[in-house]
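Below: the structure, in structure tokens.
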Amino acid sequence: MTRNTRILMSIVYWAFVVYLFVPLLLMVLMGFKDSNFIGFPIKSWTLDWYIGVFKDSEVVSVFLYSTVIAVTSTLISLTIGTWISVLLAGRSFFGRIIIFGLTILPAVIPGIISAISFRIFANLLGIQTGMFAIIWAHAVHNVPFVVLVVMARLATLPKSHTEAAMDLGADKIVSFFRVTLPYLKPALIGAGVFCMLLSFDDFVRSFFLGGYKPTLPVLIFSKLRSGMSPEINAIATVVLVMTAVMGIWAERSMRRMGKGT
Amino acid sequence: MTKLIQSRRRFLGTAMGAGALLASPAYLRSSAAQTGGVVNIWTYDEFIPDDVKKDFEKETGIEVRIRLVDDQGKQFNLLVAEQPNPSVDILTVAGHRFLQFIDSGLIAPMDTERLANWGAINPVYSESDWATINGEKWGVPILSGAEIMAYNTDYVPEDRRNTWDTLFSEDYKQQTAYIPSDLMSIVMLYLGYDGNMIEYMDDPDEAARIVAEARDFLIEKKPLVRKYYDSGAEIQQMLVNQDVVLCHAWNGPISKLIMDGLPMGMSIPKEGSYGFVYTLNVANNAPNADNAYKFLDAMMASSEIGAAMTQSTGFISTYKGSAEHLSDLEKAAASFPEEQLENLQFFRAEANDMKYALVDPAVEEIKAS
Amino acid sequence: MSTTPKPDAADGIAPGGATRGSDRPTFWGRLTHAGPYRAVTDFVFASTRRQFILLAALPIVWVLFAHLGPILQMIRVSFLDSYPPAVGYTPQFTLDNWASFFKESIFIKPFFRTLMFSLSLTFATLVLIYPVAYFLARHVKRDNQMLLLLMLLIPFWVGEIVRTYAIMILLGNTGAVNLILKTLGLIDRPIPFMFTGFSLSFGIVYLTSLYMLMPLYSALEKIPPTYTEAAADLGAGAWTRFRRVTLPLSLEGISSGCTLVFLISTGLYATPILLGGPSTTLFSQTIAGFFHVAGDKWPTGAAFSTIMLLTALILSGTFMKLIGSLTRGPQK
Numbered sequence: 001m002t003r004n005t006r007i008l009m010s011i012v013y014w015a016f017v018v019y020l021f022v023p024l025l026l027m028v029l030m031g032f033k034d035s036n037f038i039g040f041p042i043k044s045w046t047l048d049w050y051i052g053v054f055k056d057s058e059v060v061s062v063f064l065y066s067t068v069i070a071v072t073s074t075l076i077s078l079t080i081g082t083w084i085s086v087l088l089a090g091r092s093f094f095g096r097i098i099i100f101g102l103t104i105l106p107a108v109i110p111g112i113i114s115a116i117s118f119r120i121f122a123n124l125l126g127i128q129t130g131m132f133a134i135i136w137a138h139a140v141h142n143v144p145f146v147v148l149v150v151m152a153r154l155a156t157l158p159k160s161h162t163e164a165a166m167d168l169g170a171d172k173i174v175s176f177f178r179v180t181l182p183y184l185k186p187a188l189i190g191a192g193v194f195c196m197l198l199s200f201d202d203f204v205r206s207f208f209l210g211g212y213k214p215t216l217p218v219l220i221f222s223k224l225r226s227g228m229s230p231e232i233n234a235i236a237t238v239v240l241v242m243t244a245v246m247g248i249w250a251e252r253s254m255r256r257m258g259k260g261t
Numbered sequence: 001m002t003k004l005i006q007s008r009r010r011f012l013g014t015a016m017g018a019g020a021l022l023a024s025p026a027y028l029r030s031s032a033a034q035t036g037g038v039v040n041i042w043t044y045d046e047f048i049p050d051d052v053k054k055d056f057e058k059e060t061g062i063e064v065r066i067r068l069v070d071d072q073g074k075q076f077n078l079l080v081a082e083q084p085n086p087s088v089d090i091l092t093v094a095g096h097r098f099l100q101f102i103d104s105g106l107i108a109p110m111d112t113e114r115l116a117n118w119g120a121i122n123p124v125y126s127e128s129d130w131a132t133i134n135g136e137k138w139g140v141p142i143l144s145g146a147e148i149m150a151y152n153t154d155y156v157p158e159d160r161r162n163t164w165d166t167l168f169s170e171d172y173k174q175q176t177a178y179i180p181s182d183l184m185s186i187v188m189l190y191l192g193y194d195g196n197m198i199e200y201m202d203d204p205d206e207a208a209r210i211v212a213e214a215r216d217f218l219i220e221k222k223p224l225v226r227k228y229y230d231s232g233a234e235i236q237q238m239l240v241n242q243d244v245v246l247c248h249a250w251n252g253p254i255s256k257l258i259m260d261g262l263p264m265g266m267s268i269p270k271e272g273s274y275g276f277v278y279t280l281n282v283a284n285n286a287p288n289a290d291n292a293y294k295f296l297d298a299m300m301a302s303s304e305i306g307a308a309m310t311q312s313t314g315f316i317s318t319y320k321g322s323a324e325h326l327s328d329l330e331k332a333a334a335s336f337p338e339e340q341l342e343n344l345q346f347f348r349a350e351a352n353d354m355k356y357a358l359v360d361p362a363v364e365e366i367k368a369s
Numbered sequence: 001m002s003t004t005p006k007p008d009a010a011d012g013i014a015p016g017g018a019t020r021g022s023d024r025p026t027f028w029g030r031l032t033h034a035g036p037y038r039a040v041t042d043f044v045f046a047s048t049r050r051q052f053i054l055l056a057a058l059p060i061v062w063v064l065f066a067h068l069g070p071i072l073q074m075i076r077v078s079f080l081d082s083y084p085p086a087v088g089y090t091p092q093f094t095l096d097n098w099a100s101f102f103k104e105s106i107f108i109k110p111f112f113r114t115l116m117f118s119l120s121l122t123f124a125t126l127v128l129i130y131p132v133a134y135f136l137a138r139h140v141k142r143d144n145q146m147l148l149l150l151m152l153l154i155p156f157w158v159g160e161i162v163r164t165y166a167i168m169i170l171l172g173n174t175g176a177v178n179l180i181l182k183t184l185g186l187i188d189r190p191i192p193f194m195f196t197g198f199s200l201s202f203g204i205v206y207l208t209s210l211y212m213l214m215p216l217y218s219a220l221e222k223i224p225p226t227y228t229e230a231a232a233d234l235g236a237g238a239w240t241r242f243r244r245v246t247l248p249l250s251l252e253g254i255s256s257g258c259t260l261v262f263l264i265s266t267g268l269y270a271t272p273i274l275l276g277g278p279s280t281t282l283f284s285q286t287i288a289g290f291f292h293v294a295g296d297k298w299p300t301g302a303a304f305s306t307i308m309l310l311t312a313l314i315l316s317g318t319f320m321k322l323i324g325s326l327t328r329g330p331q332k
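In structure tokens, the structure reads:
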């Protein structure tokens, strides 16, 4: 690759970074505005909104609630999604395309439709609203994304890898865990982060399937009803920081686990 | 138990039948058995003052569980989806949407005898014609809203603030915004018709012609409008950012801007406009109906509560004497001069079936044009 | 189900854990020699049919139950003449809801607008994000890749609504951009960025870029650098190397990225509503109107959703087939 294209690409990359981060900076900034509404000009500044977020224990507990939902639903989606991918990849059988189509379905249904159908379906099954129902809906909604990402990666797994493992005496289960799964690692991490994001940002399903305890987007939506205040910006900022801290912690501990084995 | 379920089966869709037998309503009560029970409320952010909630919990031992909702449609859908065992006791419905909830069997008639403080509500609201349907009262009016014209006082001169003409004037091209579905009623009024469409209930052809005329009017004016919007937060942001300087809006969001010291004002233009009232309603089959009535009574206990609700929402309180507790700025922000109020009439639901069968497609056509 | 991958996944995922340290008796070694495990696997692996049934059981149950169940509910509702049912009324079967889509031109317009919009949006996102993914995967040191990638994800954790409002105060008439331009003396009157095609694309590419970035990155990341080096040794220019080596090998990523973005963009709702102008109504808004504004037109909304769903599925299925045949071409 020539020098010029490399420079061009790095420019595109950093331009993209700026594009992503400028709204974010504005959001953080607006959390300091001394007014009930965000926007310019900012006449006076205050720390009250941020202090308020920490005083209000609801924000922290809602954040934890959303986190538990995101992590659990992600683990379920990853497990099921990988399972389906393994079934669908490298094997042709009657009904394969039907299973694939059904797998993708939840991704294409508009949120409001899916939420209402889930709610009716939950009624039919006697599942009560709350954490379990939300986790269930999020897991279902996220499976297609896992399958798409994992199948793309799986398609490139050289057959020789698994065959070599079998030659060394591993059965299919062992070769899955020792060869296939490690090969899928980047796809799984990518899909996992993705699922967490989707779950964390989901409003409609959480609203329709939730009980009296709101998830984060549900809380923000209902607060938005009385205006986009700096308070909401402060909440989002604090949540961002907490997520970042958790992300770094997860990355660190994963690295430590990696060294441990 | 079986009897309970059977009485509820009336409201079942065919496929939901099996679900009702599986879903025992018992779980709804289990968690609060040891205390004075619970009362479950669906409402908008800031509608129920924190102090009322805390005092009520302290005095009665009943836990108040609030679930915040963000629009009427979602609340309706959610309640429908929860049938036949709603998880809610009190919900917040706008008066002109009563019929929809009543027709679907979602809310119960209000037994005003059980509300000692019913008299605290201004009879303009509690005894109004929209409030009585099928000879029954259906909700406790708490806050009153109006479809108004809002303007940035730096850009819109005084002599142009009192007519809808200004909203459709070339002078404010690409500086206006409105909610098309709401504005349809106002345009009908503006063109000299009954926006509630009750007059045309027996004349569907005339009704269709009027809606078509209003639709064509808005299509003609489409090049002038900057944005069709949906929510109060949106219009607030547009006004703050000066993306628009003149708009149709609900009074609540605008009076919050005024209270915040922004150069905004609002009026009920001389051609007239419509008002609506938020009410607290008891759900049909409410799991804790007794507690719901206790809470409603507590909500009406003093005029200060009404004032607090106005301060936090920007809508006008329906409580007698609540204005006395407001500051001058708040009073100015959350009220209208007497001569403007005369231009205001309430939304009526009688012709809604016919009206919205015509208006909804018309709105789609306006948006798609 | 004799295996649950979850607890073991962490072990398998740990970097290096899979390939190193095989000379001492590992968990896997002990497991494969354990009696009960052997008994079960011997039974399972005895026939391919048995293996297949075991492998397929969970996915089939899952998709039928969790994926299809809710949708069948929706399809059922789309054939009813009234839903939610009024008190004491049993809804009747009808085809009117489906017919209204084909009868009324006002619905077809947003429908095709959405398809065109989603297609061009998908293409635009691909063109924009490919260099970003390429830069990350090929020009950044391997150790830093994850870090830079995760950095790009940070803005997404604040949620669609808060982010969209931040875009409003960036692009509004008194927004940050206009403020800066005015201070620099470049403009007298603010430029109306908001509620135009520009603000809409600005906000939506924000959403879709992520869905494109992930698959593209993971496809590009696994192309061994030796391939392009070898091509260079053979005298291939930069463009030829890209066209003949990199592009074909990243087709899988392009395919899943485009499918994702396309599917997502047909269902976008909140961002177009907040950032779009009066003439950019999308089909998802039309659908939501049946549920929100009217509140009692679920059947029509359900019918329209099913139409959108089928269209999106057929289109993306065709697209993936197309890419699939392409990948098989050059690789062999």
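Residue numbers (UniProt numbering), protein chains in the order written: chain A, 1 to 261; chain B, 1 to 369; chain C, 1 to 332.
Glycine included, C-beta positions come from ideal geometry on N, C-alpha and C.
- Residue 26/A is not a Cβ neighbour of residue 119/A, given a cutoff of 8 Å.
- Going by C-alpha positions, residue 173/B is about 10 Å away from residue 244/B.
- A Cβ-Cβ contact shorter than 8 Å links residue 262/C with residue 122/C.
- As DSSP reads the structure, residue 345/B sits in a beta bridge with 274/B.
- Scanning its chain for C-beta atoms nearer than 7 Å, with the 5 sequence neighbours on each side dropped, one finds around residue 317/B the residues 143, 306, 307, 309 and 310, in chain order.
- Residue-level contact by beta carbon holds for residue 232/B and chain A, with a gap shorter than 8 Å.
- Residue 285/B carries a coil assignment under DSSP once its states are collapsed to helix, strand and coil.
- By the neighbour-count definition (other C-beta atoms within 10 Å, threshold 16), residue 51/A is an exposed residue.
- For residue 264/B, same chain residues with a beta-carbon under 8 Å away, outside a window of 5 residues either side, are 150, 151, 152, 153, 239, 254, 257 and 258 in chain order.
- When DSSP states are grouped into helix, strand and coil, residue 197/C belongs to the helix group.
- Ranking 148/A, 39/A and 43/A by CA distance to the CA of residue 175/C puts 39/A first.
- Around the beta carbon of residue 245/A, fewer than 16 other beta carbons lie within 10 angstroms, which makes this residue exposed.
- The residues 239 and 240, in chain order, have a CB closer than 8 Å to that of residue 262/B in the same chain once the five nearest residues on each side in sequence are set aside.
- Listed along chain A are 214, 218, 219, 221, 222, 223 and 225, each with a C-beta nearer than 9 Å to that of residue 68/B.
- Chain A has a Cβ within less than 8 Å of the Cβ of residue 313/B.
- If you ignore the 5 residues before and after residue 93/C, its C-beta comes within less than 8 Å of the C-beta of 79, 80 and 81, all in its own chain and listed in chain order.
- Going by beta carbons, residue 85/A and residue 150/A fall inside the 8 Å limit.
- Taking 9 Å as the cut-off between beta carbons, the residues of the region 128-148 of chain A near chain B are 128 and 129, in sequence order.
- In terms of beta-carbon proximity, residue 126/A stays away from the interface with chain C, with every pair separated by 8 Å or more.
- Between the alpha carbons of residue 67/B and residue 91/B lies a gap of roughly 9 Å.
- Going by beta carbons, residue 171/A and residue 45/C fall inside the 8 Å limit.
- Cβ neighbours of residue 202/A within its own chain (closer than 7 Å, five residues either side excluded): 138 and 217.
- Per DSSP, reduced to three states, the secondary structure at residue 225/A is coil, with no helix or strand assignment.
- A direct Cα-Cα distance of roughly 16 Å separates residue 157/C from residue 204/C.
- Between residue 275/B and residue 252/B, the CB-CB gap reaches or exceeds 8 Å.
- Distance from the CA atom of residue 95/A to the CA atom of residue 176/A, rounded to whole angstroms, is 24 Å.
- DSSP, reduced to helix, strand and coil, places residue 38/B within a strand of the structure shown.
- Rounded to whole angstroms, the Cβ separation of residue 313/B and residue 139/B is 17 Å, and the two are not in contact under 8 Å.
- Counting along the chain, the unbroken alpha helix (DSSP H) around residue 80/B starts and ends at 72-82.
- The C-beta distance from residue 268/B to residue 343/B rounds to 5 Å, short enough to fall under 8 Å.
- When Cβ pairs closer than 8 Å are counted between the two stretches, the region 216-233 of chain C is seen to touch the region 252-267 of chain C, the count reaching three or more.
- Counting every other CB atom within 10 Å of its CB across the protein chains shown gives residue 61/C a total below 16, marking it as exposed.
- One Cα belongs to residue 181/A, the other to residue 40/C, and the distance between them is close to 22 Å.
- Take residue 115/B, set aside five residues on each side of it, and the residues of its chain with a beta-carbon closer than 8 Å to its own are 140, 293, 296, 297 and 300, in chain order.
- For residue 77/C, same chain residues with a beta-carbon under 7 Å away, outside a window of 5 residues either side, are 83, 298, 299 and 302 in chain order.
- By alpha-carbon distance to residue 251/A, the top candidate from 192/A, 223/A and 212/A is 192/A.
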